[in-house]
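Protein chains in written order, with the working numbering: chain A, 93 to 303; chain B, 14 to 235; chain C, 7 to 63; chain D, 769 to 1017.
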């Protein structure tokens, strides 16, 4: 279980957010709301352990993530708003590398299948630089079909996706939650769940109310 | 653990193969710098023989430093670096993999080509082999030490110039022992002492530099 | 020892006074610069404090 | 014991260190002025002329203390960097930041006086003597630190990145120094060194020590002023800075 309490983050001497706390159990999805610049991405990256918070604690299974970096990383998938793709590699190569980085060895065939399910049939072995933005996003997201990590932290996963692809992504998320996974995401799109629970967290609400 | 190391090395080599101009530009920089010196100094063989060790080593230093810029910068910009830092393996394994691939692509070709260029300077076979050996031991150390600077200056404006400011002073021992080994061979004293010092520096860098680089990467990727 | 002799420094005047002069220059310039820096920061902070007061009142 | 520890941690916060530093400054400044007066008097008037180097040797009364200071200050910066990286106190990085310009200044002074000493002794302004070369490299390290700090906007990243650079430099300095010495003996550079030829008389030693102490007091005074500026700049949004008498007036 992911437990967060009293989290505070500063960027460039400016306090982005403070006293953020929540608790995420198996099968739960956390929506992160907030206007531009409210620190959504910073919070997600803090939750991954990429940024050290100035105050507060993040506990995974009751233990601070700083004390179990590698164990925590093994249970985590982070997809940022950058696609982390190499333009010169093909979709299959990119997918296999990103899975290998997360500790999963994936066969060519399996990677090929995952890309096909993401609707990239016929584009699997093209260098990703010739793909469109939406197609690149799909290559990145194909990792979710393979990776067995429990906690998914997704930064705007729906950007650049068309209707079909975002519906497919929704179904992937639902399946993950139904299987006892956890998801934290920022998005402008609502996800309808058939099971599990949705939690919400609004960043920078004080400023928001002023407006 | 070794699997990840292999994946990283393989990936970076594949990327370099698909974009060969990056490899070649470093190599040609080295070739051109070395070929320019006789034009500036004059073709007198006895002078060239004397200054060859210093010129080869300074050129190798500059070439390795120029190549540093690409070590982490591309991964940083496209977000791959974050994924690497979130890997469930120790980060220094990753750093070692990246530095090894980087050296294979930018350092090794230069080492292999150096005896050929040495002929321009009228060096004897014995001196050529000392040059080859010293570069073979020294350039990986340069890549390792340089990776610290590259990691510290990630994403900073004017990072390229800053890297040279940070890294060149740290290169000095490698320069001294590397050029010294060749020089000692030229003067007939034998370069074994220098070469073993270079080896010691390489081992030290192999142990310490990846740790410093991974700490620096964590800081820079925040 | 006469004053002229002292400044002559046995023929080493340029070197001795060049060194001591540089030290004097640096050790006087640095405190002045540091003090100027402090003054300008204080000035800026004061201006900001006044601005904030004007805004909140 | 425990109480003492808490006491120390109290001064590790910029808010409580700021007034403490303010109280130190006048004392350090007065001590520096007094010691410089005594030291200069000793080095220019009391110390007898050297039979071999003539009056020119008086330069070492500033060269040697400046060279000591340049190395000491780097060591102190490394110390603060280790504390900063280990305990994550903001003040330690600020101390390192405030020390760097003064350290670079002393390094430059050591090089300058080395050149002015070398010209009459060796006949050239610059000799690739092991000591001068090491000092030159030290200057590069200082400049690298200052440049790295200056080009990172985010203070926290700047603190930690420059801390790592200091540590790397500290590991490298002995290697650099050793390699430069090796290189120097191989190439048979200078044969005259600063202490050689003139047996150090006790009056010379005292003179140098007093000058070194004066430099210490000077460094403390200047660095305290500078660290106060750094604190003000970086803590400008905090309540305690806004309530300071200097700013309220």
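Heads up, the beta-carbon is just placed ideally off N, CA and C, and yes, glycines get one too.
Only a predicted model underlies this, so the values are computations on that prediction, with no experimental measurement involved.
Whole-angstrom C-beta distance between residue j and residue i, which should lie under 8 Å
i	j	result
residue 1008 of chain D	residue 783 of chain D	5 Å
residue 72 of chain B	residue 108 of chain B	So it is not a contact: roughly 26 Å between Cβ atoms.
residue 198 of chain A	residue 238 of chain A	6 Å
residue 250 of chain A	residue 227 of chain A	That belief does not hold up - the Cβ atoms of residue 250 of chain A and residue 227 of chain A are roughly 14 Å apart, past 8 Å.
residue 168 of chain A	residue 243 of chain A	5 Å
residue 124 of chain A	residue 276 of chain A	7 Å
residue 781 of chain D	residue 859 of chain D	7 Å
residue 208 of chain B	residue 150 of chain B	6 Å
residue 21 of chain C	residue 888 of chain D	5 Å
residue 919 of chain D	residue 170 of chain B	7 Å
Contact set between residue i and chain D, taken where Cβ atoms lie within less than 7 Å
i	result
residue 4 of chain C	This structure cannot speak to residue 4 of chain C, because chain C is shown only from 7 to 63.
residue 137 of chain A	By Cβ distance, chain D contributes nothing, its closest Cβ being about 14 Å from residue 137 of chain A, past 7 Å.
residue 292 of chain A	Chain D residues near residue 292 of chain A: none, gap ~30 Å exceeds 7 Å.
residue 8 of chain C	Those do not exist, as residue 8 of chain C stays about 13 Å from chain D at its closest Cβ, beyond 7 Å.
Residue of the options minimising C-alpha distance to residue i
i	options	result
residue 148 of chain A	A:130, A:258 and A:96	A:96
residue 58 of chain B	B:99, B:132, B:29 and B:213	B:132
residue 804 of chain D	D:987, D:1015 and D:978	D:978
residue 181 of chain A	B:203, B:27 and B:130	B:27
residue 167 of chain B	B:207, B:81 and B:105	B:81
residue 127 of chain A	A:108, A:117, A:113 and A:118	A:108
residue 141 of chain B	B:147, B:51, B:33 and B:128	B:128
residue 198 of chain B	B:119, B:173 and B:146	B:146
residue 864 of chain D	D:855, D:844 and D:856	D:844
residue 42 of chain B	B:77, B:23 and B:30	B:77
residue 94 of chain A	A:261, A:252 and A:114	A:114
residue 234 of chain A	A:248, A:293, A:103 and A:191	A:191
residue 22 of chain B	B:136, B:113, B:126 and B:202	B:113
residue 112 of chain A	A:106, A:145 and A:118	A:145
residue 49 of chain B	B:68, B:32 and B:34	B:68
residue 200 of chain A	A:240, A:188 and A:170	A:188
residue 193 of chain A	B:87, B:97, B:65 and B:158	B:97
Neighbouring residues, chain B, relative to residue i (Cβ below 7 Å)
i	result
residue 165 of chain A	99, 100 and 101
residue 934 of chain D	Those do not exist, as residue 934 of chain D stays about 11 Å from chain B at its closest Cβ, beyond 7 Å.
Start and end residues, beta strand (DSSP E) containing residue i
i	result
residue 215 of chain A	Run containing residue 215 of chain A: none; DSSP gives neither H nor E here.
residue 111 of chain A	106-116
residue 176 of chain A	From DSSP, residue 176 of chain A is part of no beta strand (DSSP E); its letter is neither H nor E.
residue 100 of chain A	94-103
residue 275 of chain A	274-278
Within chain A, partners of residue i - CB distance below 9 Å
i	result
residue 35 of chain B	Result: empty, since nearest Cβ-Cβ is about 11 Å, beyond 9 Å.
Start and end residues, alpha helix (DSSP H) containing residue i
i	result
residue 749 of chain D	Since the first residue shown for chain D is 769 and the last is 1017, residue 749 of chain D is missing from the structure and cannot be characterised.
residue 152 of chain A	Careful: residue 152 of chain A lies outside any alpha helix (DSSP H), inside the beta strand (DSSP E) at 147-152.
residue 268 of chain A	255-270
residue 875 of chain D	858-890
residue 53 of chain A	This structure does not reach residue 53 of chain A, given that chain A is present from 93 up to 303, and the question cannot be answered.
residue 41 of chain C	19-62
residue 169 of chain B	Careful: residue 169 of chain B lies outside any alpha helix (DSSP H) and carries neither H nor E.
residue 974 of chain D	970-1002
Within chain D, partners of residue i - CB distance below 8 Å
i	result
residue 60 of chain C	Within chain D, no residue comes near residue 60 of chain C; the closest Cβ sits about 14 Å away, beyond 8 Å.
residue 103 of chain A	922
Under 8 Å from the C-beta of residue i: neighbouring residues of chain B
i	result
residue 848 of chain D	By Cβ distance, chain B contributes nothing, its closest Cβ being about 17 Å from residue 848 of chain D, past 8 Å.
residue 909 of chain D	182
Neighbouring residues, chain B, relative to residue i (Cβ below 9 Å)
i	result
residue 925 of chain D	232, 233 and 235
residue 940 of chain D	158, 182, 183, 185 and 186
Contact list for residue i against chain D, beta-carbon separation under 9 Å
i	result
residue 190 of chain B	947, 950 and 951
residue 13 of chain C	Those within 9 Å of residue 13 of chain C in chain D number zero; the least Cβ separation is about 11 Å.
Closer than 8 Å: residue i CB and nearest the ligand ADP heavy atom
i	result
residue 101 of chain A	This structure simply doesn't include the ligand ADP, nor any ligand for that matter.
Interface partners of residue i on chain A, CB under 8 Å
i	result
residue 16 of chain B	192 and 197
Beta-carbon neighbours of residue i, restricted to chain C and to distances below 9 Å
i	result
residue 1015 of chain D	48, 51, 52, 54 and 55
Notebook entry, point to check: With a cut-off of 8 Å, do at least 3 Cβ pairs link the stretch 19-32 of chain C to the stretch 876-883 of chain D?
Noted result: yes
Notebook entry, point to check: Any contact of the stretch 979-994 of chain D with the stretch 780-800 of chain D, i.e. 3+ C-beta pairs under 8 Å?
Noted result: Yes: at least three Cβ pairs fall under 8 Å.
Notebook entry, point to check: When the Cβ atoms of the stretch 210-224 of chain B are set against those of the stretch 789-796 of chain D, are three or more pairs found closer than 8 Å?
Noted result: no
Check: Quick one: any contact between the stretch 925-944 of chain D and the stretch 838-851 of chain D, if contact means 3 or more CB pairs under 8 Å?
Finding: yes
Check: Any contact of the stretch 50-65 of chain B with the stretch 152-171 of chain B, i.e. 3+ C-beta pairs under 8 Å?
Finding: no
Notebook entry, point to check: Is it a yes or a no for the stretch 855-874 of chain D touching the stretch 9-20 of chain C, going by three-plus beta-carbon pairs under 8 Å?
Noted result: no
Notebook entry, point to check: Are there three or more Cβ pairs, one per stretch, closer than 8 Å when the stretch 197-211 of chain A is compared with the stretch 249-267 of chain A?
Noted result: Counting Cβ pairs under 8 Å, three or more are found: they touch.
Notebook entry, point to check: Are at least three pairs of beta-carbons, each pair with one atom in the stretch 894-913 of chain D and one in the stretch 182-189 of chain B, less than 8 Å apart?
Noted result: Touching, per the Cβ criterion.
Notebook entry, point to check: Touch check for the stretch 214-222 of chain A and the stretch 137-148 of chain A: three-plus C-beta pairs under 8 Å?
Noted result: no
Margin query: Measuring CB atoms only, is the stretch 80-95 of chain B touching the stretch 164-175 of chain A, in the sense that at least three cross pairs come out at less than 8 Å?
Written below: yes
Check: Is the stretch 226-235 of chain B touching the stretch 157-166 of chain B, taking contact as three or more C-beta pairs under 8 Å?
Finding: Cβ pair count under 8 Å is three or more, so yes.
Next item on the list: Give a yes or no on contact between the stretch 884-896 of chain D and the stretch 824-837 of chain D, applying the rule of three or more CB pairs nearer than 8 Å.
Entry: These segments touch.
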